[in-house]
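J.:
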Amino acid sequence: MRGKNLHVPRFRCLGAAFLLMLGTGKVLVPTVPLKNGAEMQRLALGLYNVPRDQVKAVVDAGLAAGLRHFDSASFYNNEVECGEALKSWMASGHDRSEIFVTTKVWTTDLVDPESACRSAEISIEELDIGPVDLVMVHWPMPSKHVEAYVALEKLVRSGKAKGLGISNYSPADYEELMKVATIEPLVNTFENNPLLYRKEWCDYFQEKGLIVQAYKPLQRGGPVLESPAVMDIAKKAGKTPAQVCLRWNLDKGNAVVFKSLTPARIQENVDVFDFGLSAEELAQLDALTTPEVMEEAQRHWEKRRCGTPAPWGEGKRPRRQEISS
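Going by full-length UniProt numbering, the first residue of the sequence shown is number 1, and it counts up by one from there.
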C-alpha cells in the first residue's frame, strides 16, 4: 500500500455486524457516521443522466460492486426506476436498512415552502422504499432556500425523511440558513475535484461538522483525467486516473458521488480503498486549480442557483402519472 493517508479519522468502516463479504469476495465500502446516528457510505452512485431504461442495470451493477449509497433527485427524473431496482434487490433477501438513499428538491419547486415539501413527498412516493435517508435543497436559491429548507424539517418530524442535507451551499448560504433552521443539515454536496478544489468550502463545512460530499469528481470524464500530474501519479500507483481523482477527494476527508453507466467502470471506481496518496502527491494535485477555473466555476454557480428549467419545464414538478413516460 502506498502513501500515509490510508486512514481518514473522521470516517470509519462498517461495524462488525455489517462487514459482510459479498459473493465476489469484496467488502462493503467504508462508511461515515452522521450526526443523526446513521451510517453513510463514503462512495455513492449518482443517478444523474442515467436513462430510465438503464437505471436497473446501473443500480444492480452498483449493488454488485458493494455500493449501498444511491444519490437521486427530482431533477434526474428517474426515481420511480431507482426505487423499483432497489425494491427488486430487497425482495431477494436484503433489508431496507442496508441502503442509504438521497433525494433533492429542484429550484422550480423552491417558489414557496409548500411546493418544496410537495416535491420531496413526490420523490418519497416514487422511490417507494419507505422514509428516505436524506432530503436536500438542490441549490441555495436566493430568498427561497431558507424557507424551503425549514418547510422540509416537517418531513423529518413526521418520519417521512430521516435527515436533511444541502447541496451547492456556500459558507454564506449555510450561515443564512442556520439563523432559522432547527434541524441541522448533515451533508453538503458540491463540485470538487483536483481541477476545481474548493478548499475554503471543504475546510469550513468540515469544521462545522457537516460531511462534505463531492460530485463531478471526474468532471464527467473531463480534462482532469488527462492531466499530466494525475496520469503520472496513476502510473506510479498502478491505478487509473479516475481512481487517483476519487482517492484525492477521499484523502481530503470527503465522501464522493460518482456516476457511470458501465459495470466495469463502477467496479473500478469502488476499488479505491487499497491505496492512498502521499502528502506530496496531494499537494501536487491541489495545485492544479487555477484562479481562472475558480472564477468560471463561480459564474456557473451564480447562474444555476438562480434557477434552471427542469426536465418537466419551468413550473412545479408533476407527478409521474400525470405525464407521459
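We treat Cβ as the ideally placed atom computed from N, Cα and C, and that holds for glycine. Computed from a prediction, not measured in an experiment: that's the story for all the values here.
By the three-class DSSP mapping on this structure, what secondary structure does N254 have?
T.: coil
J.: My assumption, with CB atoms under 8 Å, is that A255 sits in contact with A65. Please give the rounded CB distance.
T.: Actually they do not touch by this definition, with Cβ atoms about 16 Å apart.
J.: Kindly identify the DSSP beta-bridge partner or partners of M40.
T.: M40 is bridged by DSSP to V32.
J.: With three or more C-beta pairs closer than 8 Å as the rule, is the segment 282-302 touching the segment 224-231?
T.: yes
J.: For A214, report the span of its beta strand (DSSP E) as first-last.
T.: 211-215
J.: Where do the ends of the alpha helix (DSSP H) carrying L155 lie?
T.: 145-157
J.: Kindly indicate the opening and closing residues of the beta strand (DSSP E) around M136.
T.: 134-137
J.: Buried or exposed for V180, please, with buried defined as at least 16 other CB atoms from any protein chain shown within 10 angstroms of its CB.
T.: exposed
J.: When the Cα atoms are used, what is the spatial distance from residue 369 to W248?
T.: Given that the chain is displayed from residue 1 to residue 325, the structure contains no residue 369 and the question cannot be resolved.
J.: Taking the continuous alpha helix (DSSP H) assigned at N269, which residues delimit it?
T.: 263-270
J.: Rounded to the nearest angstrom, what separates V257 and R320 at their Cα positions?
T.: 26 Å
J.: Take K316 and list the residues in its own chain whose beta-carbon comes closer than 8 Å to its own, dropping the five residues that flank it on each side.
T.: T108, D109, V111, S115, R118, S119
J.: To the nearest angstrom, how far is it from the Cα of V150 to the Cα of S72?
T.: The straight-line gap from Cα to Cα measures roughly 21 Å.
J.: For L22, which of helix, strand or coil comes out of DSSP?
T.: Interpretation of L22 is limited by its pLDDT of 47, a score under 50 that renders its predicted location unreliable; the figure taken from the coordinates is listed afterwards. Looking at L22 - three-state DSSP - the assignment turns out to be coil, as it is neither helix nor strand.
J.: Check whether the segment 132-142 and the segment 298-318 touch, using three or more Cβ-Cβ pairs below 8 Å as the test.
T.: yes
J.: Going by Cα to Cα distance, which pick from D60, G46, E268 is closest to S74?
T.: G46
J.: Report all residues from its chain with a CB closer than 7 Å to the CB of R261; omit the five preceding and five following residues, and keep chain order.
T.: The sequence given here has Leu at residue 261, not Arg. Correct list, in chain order: V50, Q54, V58.
J.: On a Cα-Cα basis, can you pick out the residue from P318, Q243, Q41, Q298 that is closest to R198?
T.: Q298
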